[in-house]
Structures are given as C-alpha cells and as structure tokens.
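Quick note on the numbering used here: the sequence shown kicks off at 16 and runs consecutively. Backbone N, C-alpha and C fix where the C-beta goes; we use that ideal spot for every residue, glycine too. Quantities reported herein were computed from a predicted structural model and do not represent experimental measurements.
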Amino acid sequence: MVVSAAGAVNHDEVVDQVREFFTGFSTDPTTVDQLVEANPAIFTGSEVRVEQPEMPLTHFAIAFKGSSWANPSSIPLMVIQSILGTWNRSVGVGNCSGSALARGISNGNLAETMIAFNTNYRDDTGLFGICTIAQPDSLYDLSQLIMQEFRRLAFEVSETEVARARNQLKSALLLHIDGSTAVSKNNGRQMLTYGRVMPFLELFARIDAVDRDTVMETAKDFIIDKDIALAAVGPLTNLPELSWFRSHTYSDDEFSSRTFLQDAQNN
C-alpha cells in the first residue's frame with residue numbers, strides 16, 4: 016500500500032496520521048510479487064453477449080491481452096492507443112481526425128462513439144482494445160473496419176502518425192495532472208508500479224524512443240494471431256461471432272469496409 020499526498024500538506028502530520036490509522040493492517044510479509052508469481056493472471060479468449068433487442072444501440076468491446084505497467088511494451092501500447100484514437104459523433108471533428116480509424120468510422124457512418132483503451136495492471140498483464148457504441152445495422156462493417164485497423168498497425172504505420180500519437184500522448188499525460196488530487200494519484204500509482212516516481216523527462220524520452228518499427232513489432236506481438244475477448248450488450252444479430260474476430264487477427268481479406276479506411280487515409 017502507498018499513501019500519497021500532494022499540495023499544501025505537512026509531511027510530518029501525514030506520517031503521524033498514517034501511523035495512527037493504519038497500524039491495524041496485516042503484517043504478513045508476503046509481497047504482491049510473490050502473490051502474482053504464485054497465481055499469475057491468465058488471459059483466455061472468450062466472449063460475453065447480453066442480447067437486449069429493445070435497446071436502440073449496441074455497446075461492445077474487443078480486447079487483446081495487454082502488458083503490465085513494468086513491461087517494456089507498456090509505452091509502445093500507449094502510443095498505439097493514441098494512434099487508434101477516439102471518435103464521438105457529437106464532436107465536430109468529422110473525418111478530419113488524426114486517427115485513421117476515426118476517419119473511417121466518419122466516412123462510413125459506422126458508430127456513435129469509439130474509444131481505444133489500454134489498461135495496465137501492476138505486475139503481469141493488461142487489457143488493450145477498443146470499446147464502441149453503434150447502430151445495430153452497422154455492426155458488421157464496423158467490426159471489419161476495426162479488425163482491419165488492428166492488423167494495419169502491424170504492417171502499414173507511417174512515421175507521421177506515430178509522431179502525432181507520441182505528441183498526443185505526452186499532452187494527455189500532462190493534462191491528467193492538473194491538480195493536487197491528480198498529482199497524488201499519479202505519484203501513488205507510480206510508486207506501486209515502478210517503485211519510484213518517474214520524472215517526466217524520463218517518461219517522455221521513453222515515449223520519443225517509440226518509432227514506426229517499434230509500433231509494428233509491438234502490434235505483431237499483441238495483435239497478430241492472438242486471442243480476443245469480446246463483451247457486448249444490445250441488439251447483437253449483426254455482430255460477428257468470436258471465431259470471426261479471431262480469424263481476422265491474421266487474415267487479410269478484401270471486404271467492403273476496406274474502402275472506408277482507404278478513403279480515410281487518403282483524406
């Protein structure tokens with residue numbers, strides 16, 4: 016456990032309060048690393064579908080096994096998350112987004128919202144993927160587009176979009192520590208995951224070291240021919256089965272939604 020404080024705090028008072036309120040905690044010497052080693056997390060490809068035909072929209076998420084905070088791949092996956100980006104119909108970006116996937120969604124009118132996520136756990140694993148909300152009749156084309164973009168990351172990424180993603184990531188990290196609460200949360204998380212607070216100069220140097228080759232190699236390691244977890248709720252008739260998603264982690268069929276992404280890349 017880490018107790019983190021930031022802002023106008025008296026260090027000695029905080030230490031005294033911690034001693035007063037946390038002395039009843041267990042003194043078991045077993046560490047988190049030992050617990051993880053004894054019972055490591057195992058990612059299993061699977062799906063959970065909750066059919067709700069009365070809902071107007073379908074909510075679904077596609078996830079691959081990600082990395083832990085301490086894994087060297089955690090930073091490249093953050094950059095990949097930025098490349099995939101976000102999309103929201105209510106925001107007037109349209110097909111001018113820096114994300115090729117967002118432009119493809121806009122050109123094809125395929126979703127209401129889309130957000131890439133990269134959830135890191137402390138020691139042994141993580142979840143990496145996309146969560147989206149869409150009209151039921153667009154689910155198949157949207158699924159094709161998403162899986163195509165996942166595969167593209169392993170073979171066709173440009174240095175320009177990687178540079179843009181690096182800058183977006185650094186900006187987002189700075190914007191997330193805009194107050195004492197955010198600073199204390201960030202410091203506490205880093206103490207738990209790294210055992211120290213990493214200076215931003217070091218973190219940004221790690222981000223800047225991620226180039227297109229790093230992105231493509233990381234995508235091959237985490238996406239190509241890897242198991243998928245799928246969760247969905249809403250009208251699901253047009254959402255492909257898990258086996259379809261799994262097969263599209265390595266196939267490169269020409270399908271109808273490919274034109275959406277090609278048009279997006281050309282704009």
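{"Asked": "For the pair the region 116-127 and the region 190-199, tell me if three or more CB-CB distances fall below 8 Å.", "Found": "no"}
{"Asked": "I believe N131 touches T175 by the beta-carbon criterion, under 8 Å. Please report the beta-carbon distance rounded to the nearest angstrom.", "Found": "Strictly speaking, residue 131 in this sequence is Ala, with Asn absent from that position. With 8 Å as the limit, A131 and T175 do not qualify as a contact, their Cβ atoms being about 18 Å apart."}
{"Asked": "From the DSSP output, read off the bridge partner residues of K200.", "Found": "DSSP lists no partner for K200."}
{"Asked": "Could you pull the start and end residues of the beta strand (DSSP E) that G22 belongs to?", "Found": "No beta strand (DSSP E) holds G22; DSSP gives it neither H nor E."}
{"Asked": "When the Cα atoms are used, what is the spatial distance from A198 to S186?", "Found": "Correcting the residue identity first, residue 198 is Val in this sequence and not Ala. One C-alpha to the other measures close to 15 Å."}
{"Asked": "Exposed or buried, which one is T42 when buried takes at least 16 other CB atoms within 10 Å?", "Found": "exposed"}
{"Asked": "Do M129 and F260 have their C-beta atoms within less than 8 Å of each other?", "Found": "no"}
{"Asked": "For F215, report the span of its alpha helix (DSSP H) as first-last.", "Found": "215-223"}
{"Asked": "Please go through the same chain and pick out, in chain order, the residues whose beta-carbon is closer than 7 Å to the beta-carbon of Q150, but skip the five residues on each side of it.", "Found": "L72"}
{"Asked": "The beta strand (DSSP E) with L251 in it runs from where to where?", "Found": "Note, L251: premise wrong, no beta strand (DSSP E); not H, not E."}
{"Asked": "So, L142 versus G81, is the Cβ gap smaller than 8 Å?", "Found": "yes"}
{"Asked": "Whole angstroms is fine: what's the gap from Q32's alpha carbon to V17's?", "Found": "14 Å"}
{"Asked": "Taking the CB atoms as reference points, tell me whether V94 and A180 lie closer together than 8 Å.", "Found": "yes"}
{"Asked": "Pick from S258, L251, V30: whose alpha carbon is nearest that of S153?", "Found": "L251"}
{"Asked": "Tell me whether G39 is buried or exposed, calling it buried when 16 or more other Cβ atoms sit within 10 Å of its Cβ.", "Found": "exposed"}
{"Asked": "Output needed for E127: all residues of its chain with C-beta closer than 7 Å, excluding positions within five of it in sequence on either side, in chain order.", "Found": "L72, R104, I148, A149"}
{"Asked": "Can you grab the Cα-Cα spacing for the pair L92 / V177, in whole Å?", "Found": "12 Å"}
{"Asked": "Between R64, E52, A56, A20, which has its C-alpha nearest L254's C-alpha?", "Found": "R64"}
{"Asked": "Keeping to the same chain, check which residues put their C-beta closer than 8 Å to that of D240; ignore five residues upstream and five downstream.", "Found": "T264, Y265"}
{"Asked": "To the nearest angstrom, report how far apart Q183 and T196 are at their CA atoms.", "Found": "22 Å"}
{"Asked": "By DSSP, does K80 sit in helix, in strand, or in coil?", "Found": "strand"}
{"Asked": "With H, G and I counted as helix, E and B as strand and the rest as coil, what does DSSP make of N282?", "Found": "Any reading at N282 must be qualified, since the residue scores a pLDDT of 49, below 50, and its modelled position is unreliable; no value is offered."}
{"Asked": "Taking D228 as the reference, which of E171, V47, A117, E69 has the closest Cα?", "Found": "E171"}
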